[in-house]
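Novice:
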Amino acid sequence: MGVVNVTPDSFSDGGHFFSLDAALSHAEQMIVDGVDIIDIGGESSRPGAQPLSLDEELRRVMPLLYALRDYGKPISVDTCKPEVMHEAIHAGADMINDINGFRAMGALTAVKDADCALCIMHMLNDPQTMQLKPTYGDVVAEVIAFLQDRIEAMEQTGIARNRLCIDPGFGFGKTVEHNLALLKNIGKMQTSLGLPLLAGLSRKSMIGVITGKPAKSRLAGSIAAALFATAQGASILRVHDVAETVDALKVWQVATLHS
Ligand code: 7PJ
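Count the sequence shown with the numbering used here and you get residues 1 to 259, in order.
#1: Look at the Cβ atom of Leu124, then the Cβ atom of Ile166, and state whether they are nearer than 8 Å.
#2: Do the CB positions of Gly221 and Ile236 come within less than 8 Å of each other?
#3: Just verifying my parser: in three-state terms, what is the DSSP assignment at Ser25?
#4: How big is the Cα-Cα spacing for Gly15 and Ala107?
#5: Between Gly48 and the rest of its own chain, which residues show a CB-CB distance below 8 Å, the 5 nearest in sequence each way excluded?
#6: Go to Ile120, then tell me how far its beta strand (DSSP E) extends in each direction, as first and last residue.
#7: Measuring straight from C-alpha to C-alpha, what distance separates Gln29 and Val251?
#8: Taking just the CA atoms, how far does Ser259 sit from Ser10?
#9: What do you reckon, is the C-beta of Met121 under 7 Å from a heavy atom of ligand 1?
#10: Would Leu52 pass as a contact of Gly42 if the rule is Cβ separation under 8 Å?
#11: Does Met105 pass the burial test, meaning 16 or more other C-beta atoms within 10 Å, or should it be called exposed?
#12: Out of curiosity, what's the CA-to-CA distance linking Phe17 and Thr7?
#13: State the Cα-Cα distance for the pair Ala229 and Asp70, rounded to the nearest angstrom.
#14: Does the beta-carbon of Arg161 have 16 or more other beta-carbons within 10 angstroms, so that it is buried, or is it exposed?
#15: What does the alpha-carbon distance come out to for the pair Ala243 and Thr256?
#16: Roughly how many angstroms separate the alpha carbons of Tyr66 and Asp138, rounded to a whole number?
#17: From this set, Leu147, Lys112 and Phe172, which residue's C-alpha is nearest Leu193's C-alpha?
#18: Using the three-state DSSP reduction, which class does Val176 fall into: helix, strand or coil?
#19: First and last residue of the alpha helix (DSSP H) that includes Asp149?
#20: What did DSSP end up calling Thr245 once you bin it into helix, strand or coil?
#21: Provide the residue span of the beta strand (DSSP E) that contains Ser222, from first to last.
#22: Does DSSP classify Asn162 as helix, strand or coil?
#23: When we look at the beta-carbon of Asp78 and count the other beta-carbons within 10 Å, is it buried (16 or more) or exposed?
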């Protein structure tokens with residue numbers, strides 16, 4: 001899954017892809033590079049980021065969604081807002097990726113009658129407060145319990161289980177220690193919940209803490225994290241650097257499958 005941010009304040013690309021043209025060329029390049037899913041996001045979720053108005057989010061996301069839908073690649077929309085989910089589904093989005101785990105009032109209703117895929121992510125509190133002092137008794141058990149609870153809520157609404165995938169939400173209300181515990185337990189989360197797992201580690205601050213590098217210099221660290229997550233059983237990798245990650249995965253897979 002390749003990330004296309006349409007935000008002027010995104011920390012990892014410096015807001016470079018804010019204009020529609022730039023976002024579109026970025027997405028086109030990802031397609032050339034072998035992306036499987038394009039994830040469009042309008043609202044920055046970096047720690048401390050201010051919420052975005054509905055109008056502004058629609059203004060950022062919808063033109064790109066319309067422009068991209070004829071390219072034949074599945075499109076995911078990264079949003080917490082039920083109105084954006086509704087509009088995106090209406091416009092043909094193939095997946096809704098909600099870092100808030102479809103907890104907003106109206107979110108389940110917005111997605112329930114569609115047939116698109118849904119990614120349920122764990123986040124502690126909200127982007128304003130999540131990194132203040134994240135505390136868990138047992139982070140892996142608590143993330144599993146949260147996701148289990150959301151899966152049940154979704155199934156009770158009538159949403160088919162085969163539409164769902166889960167995400168522990170690396171960096172969303174987690175210390176480096178918490179992130180490492182989750183990374184090491186991807187297999188356990190996947191077997192406990194019985195759903196495909198999406199891992200978003202690309203350029204995250206955890207990579208920065210380990211390598212001592214700023215966001216733009218975290219490619220090698222991100223690839224190591226992506227391969228490790230794959231080895232643990234992750235099904236979808238959410239990344240900024242599609243070409244490099246695809247190459248790494250190709251080598252990984254050929255080596256793994258070789259008898
Ligand atoms: C994630 C996401 C993630 C899912 C962002 C960033 C922050 N969606 N949206 N999982 N991260 N599902 O890219 O660093 O980890 S935005």
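Quick reminder that beta carbons are idealized off the backbone N, C-alpha and C, glycines included.
Specialist: The short version:
#1: Looking up residue 124 in the sequence shown gives position 124. Looking up residue 166 in the sequence shown gives position 166. No, they are not a contact pair.
#2: Position 221 of the sequence shown, counting from 1, holds the residue named residue 221. Position 236 of the sequence shown, counting from 1, holds the residue named residue 236. In terms of Cβ geometry, Gly221 and Ile236 do not form a close pair [threshold 8 Å].
#3: Translated into the one-based positions of the sequence shown, residue 25 becomes position 25. Of the three classes helix, strand and coil, the one that applies to Ser25 here is helix, per DSSP.
#4: Numbered from its first residue, the sequence shown carries residue 15 at position 15. Numbered from its first residue, the sequence shown carries residue 107 at position 107. Because Gly15 sits at a pLDDT of 48, beneath the cut-off of 50, its placement in the model cannot be relied upon, and the following sentence gives the value as read from the coordinates. Rounded to whole angstroms, the gap between the alpha carbons of Gly15 and Ala107 is 28 Å.
#5: In the sequence shown, residue 48 corresponds to position 48, counting from 1. Only Pro127, Gln128 and Gln131 meet the Cβ criterion.
#6: Counted from its first residue, the sequence shown places residue 120 at position 120. Segment Ala117 to Met121, the beta strand (DSSP E) holding Ile120.
#7: By one-based count along the sequence shown, residue 29 stands at place 29. By one-based count along the sequence shown, residue 251 stands at place 251. Distance between the alpha carbons of Gln29 and Val251 is about 21 Å.
#8: Residue numbering aside, residue 10 sits at position 10 when the sequence shown is read from its first letter. Residue numbering aside, residue 259 sits at position 259 when the sequence shown is read from its first letter. Bear in mind that a pLDDT of 46 at Ser10, under 50, signals an unreliable position, so the number given afterwards is only what the model happens to contain. Ser10 and Ser259 have their alpha carbons spaced roughly 43 Å apart.
#9: On the sequence shown, residue 121 is found 121 positions in, with the first residue counted as 1. Result yes, Cβ under 7 Å from ligand 1.
#10: As a working note, residue 52 is residue 52 in the sequence shown. As a working note, residue 42 is residue 42 in the sequence shown. Using a Cβ distance threshold of 8 Å, Leu52 and Gly42 count as a contacting pair.
#11: Against the sequence shown, residue 105 aligns to sequence position 105. Burial call: exposed.
#12: On the sequence shown, residue 17 is found 17 positions in, with the first residue counted as 1. On the sequence shown, residue 7 is found 7 positions in, with the first residue counted as 1. For Phe17, the pLDDT reaches just 49, beneath the cut-off of 50, and the residue's location in the model is therefore unreliable, although a value from the coordinates is still provided. Thr7 has its alpha-carbon roughly 7 Å from the corresponding atom of Phe17.
#13: Taking the sequence shown and counting its residues from 1, the one referred to as residue 229 is at position 229. Taking the sequence shown and counting its residues from 1, the one referred to as residue 70 is at position 70. Between Ala229 and Asp70, the C-alpha separation is close to 31 Å.
#14: If you number the sequence shown from 1, residue 161 lands on position 161. Exposed, by the Cβ-count rule.
#15: The residue given as residue 243 occupies position 243 in the sequence shown. The residue given as residue 256 occupies position 256 in the sequence shown. When rounded, the distance between both Cα atoms is 20 Å.
#16: Translated into positions along the sequence shown, residue 66 becomes position 66. Translated into positions along the sequence shown, residue 138 becomes position 138. In a straight line, the C-alpha of Tyr66 is about 42 Å away from that of Asp138.
#17: Your numbering for residue 193 matches position 193 in the sequence shown. Distance from the Cα of Leu193 is smallest, within the candidate group Leu147, Lys112 and Phe172, for Leu147.
#18: For the purposes of this step, residue 176 is taken as residue 176 along the sequence shown, with counting starting at 1. In the structure shown, the three-state DSSP call for Val176 is helix.
#19: Sequence index remark: in the sequence shown, residue 149 carries index 149 (1-based). Unbroken alpha helix (DSSP H) run through Asp149: Val139 to Gln156.
#20: Here residue 245 refers to the residue found at position 245 of the sequence shown. If DSSP states are grouped into helix, strand and coil, Thr245 belongs with the helices.
#21: Numbered from its first residue, the sequence shown carries residue 222 at position 222. Segment Leu219 to Ala231 is the alpha helix (DSSP H) holding Ser222; no beta strand (DSSP E) there.
#22: Position 162 of the sequence shown, counted from the start, is the residue given in the question as residue 162. Residue state, collapsed to three classes: helix.
#23: As a first step, residue 78 is located in the sequence shown; it is residue number 78 there, counting from the start. Buried, because 16 or more other Cβ atoms sit within 10 Å of the Cβ of Asp78.
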